[in-house]
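J.: In the numbering used here, the protein residues as written are 28 to 268.
1) Taking residue 82 as the reference, which of 159, 164, 155 and 62 has the closest Cα?
2) Applying the criterion that 16 or more other CB atoms from any shown protein chain within 10 Å of the CB defines a buried residue, is residue 130 buried or exposed?
3) Along the chain, which unbroken stretches of the alpha helix (DSSP H) at least 4 residues long are found entirely within the segment 109-165?
4) Here's a check: name, in chain order, each residue in its chain whose Cβ is nearer than 8 Å to the Cβ of residue 58, leaving out the five neighbours to either side.
5) Below 8 Å CB to CB, which residues in the same chain sit around residue 244 once its five sequence neighbours on both sides are set aside?
6) Pull up the distance between the alpha-carbon of residue 99 and that of residue 160, whole angstroms please.
7) According to the Cβ coordinates, are residue 227 and residue 235 closer than 9 Å?
8) Can you tell which of 113, 185 and 251 has the C-alpha that lies nearest to the C-alpha of residue 65?
9) Under a three-way DSSP split, which group does residue 70 fall into?
10) Grab me the residues of residue 143's own chain with a C-beta within less than 6 Å of its C-beta, minus the 5 sequence neighbours each way, in chain order.
11) Touching or not, the segment 72-80 and the segment 145-156, by the rule of three or more beta carbon pairs under 8 Å?
12) Buried or exposed: where does residue 122 fall if 16 or more other Cβ atoms within 10 Å of its Cβ makes it buried?
13) Confirm, please, whether the CB-CB distance from residue 109 to residue 173 is below 9 Å.
14) If you compare alpha carbons, which of 119, 126, 238 and 37 is closest to residue 133?
15) Determine contact between the segment 241-258 and the segment 204-216, defined as no fewer than three beta-carbon pairs at a distance below 8 Å.
16) DSSP three-state label for residue 187, please.
17) Assuming residue 39 contacts residue 189 (C-beta within less than 8 Å), just tell me the rounded distance between them.
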């Protein structure tokens with residue numbers, strides 16, 4: 028199989044900026060407490076903007092950066108858990124708004140924090156089977172609509188925004204090595220759905236999630252380097268999310 032490379036990037040964020048000082052007026056917290064534990068000083072929050080607006084703004088910027096037209100796109104994936112609708116998917120609305128071809132796969136992918144990475148892997152597989160060799164991957168969230176503003180353990184973490192990438196698949200490019208997995212646990216991170224009697228608000232056991240990440244990241248790095256037959260010393264940058 029052939030690999031992909033990013034040829035264009037775009038972003039879109041709401042106009043409203045929510046500072047740590049603003050949050051300190053809502054829950055028991057402070058700028059020092061938040062920054063020392065997360066590094067976060069501000070986040071963006073939707074007011075008049077919709078999830079669809081964020082996707083469209085980021086996607087248009089990515090297409091312009093890549094210098095390609097919507098007609099060249101062979102697939103569209105939106106990684107999200109906070110779309111405006113359960114149906115139609117955010118990716119389908121984006122297909123309509125951008126004028127993407129109607130004979131291509133367009134769908135949403137819900138994998139929480141790992142969504143964009145998993146969408147990139149799925150896109151690589153799709154483009155290998157497509158005559159059109161450009162794909163559009165968008166990661167977008169409007170999590171302010173799902174935040175419990177009385178829970179200082181989660182409301183300080185999440186904001187709204189979208190990032191988009193246009194990727195190209197070309198013969199001879201190396202297939203991307205990824206280590207993907209899942210540990211389903213509704214206690215670590217949970218947002219009740221439409222069929223539940225509970226409000227659809229984020230609940231998370233932050234300490235347990237952090238411990239899981241610290242445990243798994245080194246293992247994933249070792250597996251990827253082993254597959255690529257690359258040593259630690261040969262890597263210029265490690266970027267963690």
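Glycine included, each C-beta is placed from N, C-alpha and C at the ideal position.
T.: This is what the structure gives:
1) Taking the first residue of the chain shown as position 1, residue 82 is located at position 55. The shortest Cα separation from residue 82 among 159, 164, 155 and 62 belongs to 164.
2) For this step, residue 130 is matched to residue 103 along the chain shown. Exposed, by the Cβ-count rule.
3) Counting only runs of 4 or more, we get 117-125 and 142-155.
4) Within the chain shown, residue 58 is the residue found at index 31, counting from 1. Cβ neighbours of residue 58 beyond the five flanking positions: 46, 47, 48, 51 and 68.
5) Taking the first residue of the chain shown as 1, we reach residue 244 at position 217. Residues of the same chain with a CB within less than 8 Å of the CB of residue 244, apart from the 5 flanking positions on each side, are 267 in chain order.
6) Here residue 99 is taken as the residue at index 72 of the chain shown, counted from 1. Here residue 160 is taken as the residue at index 133 of the chain shown, counted from 1. Cα-Cα distance, rounded: 8 Å.
7) The count along the chain shown starts at 1 and reaches residue 227 at position 200. The count along the chain shown starts at 1 and reaches residue 235 at position 208. The Cβ-Cβ distance between residue 227 and residue 235 does not fall below 9 Å.
8) Sequence index remark: in the chain shown, residue 65 carries index 38 (1-based). Distances from the alpha-carbon of residue 65 to those of 113, 185 and 251 put 185 closest.
9) As a working mapping, residue 70 is identified with position 43 in the chain shown. Looking at residue 70 - three-state DSSP - the assignment turns out to be strand.
10) Looking up residue 143 in the chain shown gives position 116. These residues qualify, in order along the chain: 106 and 166.
11) Short answer: they don't touch.
12) The residue given as residue 122 occupies position 95 in the chain shown. In summary, residue 122 is buried, with 16 or more beta-carbon neighbours lying within 10 Å of its beta-carbon over all protein chains present.
13) Looking up residue 173 in the chain shown gives position 146. Looking up residue 109 in the chain shown gives position 82. Closer than 9 Å, so yes.
14) For this step, residue 133 is matched to residue 106 along the chain shown. Of the candidates 119, 126, 238 and 37, the one whose C-alpha sits nearest the C-alpha of residue 133 is 119.
15) For the pair of segments examined, the segment 241-258 was found to touch the segment 204-216: the number of CB pairs separated by less than 8 Å reaches three.
16) Reading the chain shown from its first residue, position 160 is the one you call residue 187. Reduced to three states, the DSSP call for residue 187 is strand.
17) Sequence index remark: in the chain shown, residue 39 carries index 12 (1-based). Sequence index remark: in the chain shown, residue 189 carries index 162 (1-based). With 8 Å as the limit, residue 39 and residue 189 qualify as a contact, their Cβ atoms being about 5 Å apart.
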